[in-house]
Structures are given as C-alpha cells and as structure tokens.
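Comments concern the structure below.
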Amino acid sequence: MKTIKRQIEINRPQVEVFDLTQDYAKRLDWDSYLTKAYLLGNADEAGIGVDSFCQNRYGSVMISRYISFNRPHVAAVTMIKGPFILKRFSGAWNVKKINEQRSKLTFTYHFELKGGVIGRLLLPITSHLFASDMNKRLFAIKRYLESNIKRPR
454 MKTIKRQIEI
464 NRPQVEVFDL
474 TQDYAKRLDW
484 DSYLTKAYLL
494 GNADEAGIGV
504 DSFCQNRYGS
514 VMISRYISFN
524 RPHVAAVTMI
534 KGPFILKRFS
544 GAWNVKKINE
554 QRSKLTFTYH
564 FELKGGVIGR
574 LLLPITSHLF
584 ASDMNKRLFA
594 IKRYLESNIK
604 RPR
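In the numbering used here, the protein residues as written are 454 to 606.
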C-alpha cells in the first residue's frame, strides 16, 4: 500500500476546521476536487458506518464508509466502491490544535492499484496526481476558512 500525507496550518479553531471537512452541505463550497458529494442512506451527518458518495471533476466516483469519527480530531473512510484502477483506498482527515485560533489539517491517503505490472508502472503518476490534488484541496479549505470565499461552481 502506498501512503501519501499532506498538511497545512489554518488560522481557525480546531473544531471549525474539522466540522467543515465533514459538512457535506458545504463541501462543494470549498472542495475544488469534487463536483458531487453527499451522504447515503438518509444520513444527516458523517459518523462511523455512514457511507458517502463523491464524484471528482474527472467523473470518477467513489463510495466510502466512515470507519473512524472522533470530533474534532479525526475522521477516516475506506473505499466500498471506486474507480477501476483502485484495488484499495482509505483516507483520513486529522485536525490538530496548535492554539485556540490555529490548527494543522493533515490529509492521509493509503491506496493500492490494480493491474500488477501496469499498476506498478502507473503508481508514480497516480501518486503525483493524488498529492497534487491533496495540496489543492488543502489550500482551498484554508482559503475558504480564512476568508470565507466560496469557489465558483
């Protein structure tokens, strides 16, 4: 399994950062990677056992299930159904309190590609794309929280 981790410091309280990362009603206001994001099964909020649907700007869909949820510290999901190239995927959002008004947000992805030799050949490209998108998402949530500017849809 490949692991990628990216982080950013945000001038907002820990609980505010965590809550926005898990608020699907506001997700598309800041998350430039996604075009659709919602909870499944009539769930009103994220939590352990809740499934989510996310579609990225390339049209790829992932259904994931929350396997950890400890507000305001960590939320983690594992892929239930996803893009054909992924054999396994899990991701976590960790929010660490630096002080009362500043937090560190860390995205961590763990994934394995299908395809044997082809998957191994695609791993560096896929890793680069994931890392680039993670950085863009981190900067987007920072910009949103620190200036409350919504991204155009």
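Yeah, the Cβ is synthetic: ideal placement off N, Cα and C, and Gly gets one too. Since the model is a prediction, treat every value here as computed from it, not as a measurement.
Residue i, enclosing alpha helix (DSSP H) - first and last residue
i	result
residue 600	570-600
Three-state secondary structure assigned by DSSP to residue i
i	result
residue 469	helix
residue 510	coil
residue 481	helix
7 Å CB neighbourhood of residue i in its chain, flanking five on each side removed
i	result
residue 566	538, 539, 540, 572, 575, 576, 579
residue 533	504, 516, 517, 518
Chain-order list of residues whose beta-carbon lies under 6 Å from that of residue i (same chain, five-residue window excluded)
i	result
residue 486	509, 586, 590
residue 501	519, 522
residue 561	458, 545
Enclosing beta strand (DSSP E) for residue i [first to last residue]
i	result
residue 455	455-463
residue 565	555-566
residue 537	Unbroken run through residue 537: none, as it is neither H nor E.
Cβ neighbours of residue i in the same chain (closer than 8 Å, five flanking residues each side left out)
i	result
residue 463	470, 555, 556, 557, 558, 594, 595, 598, 599
residue 553	466
Outcome for residue i when other beta-carbon atoms lying within 10 angstroms are tallied against a minimum of 16
i	result
residue 474	buried
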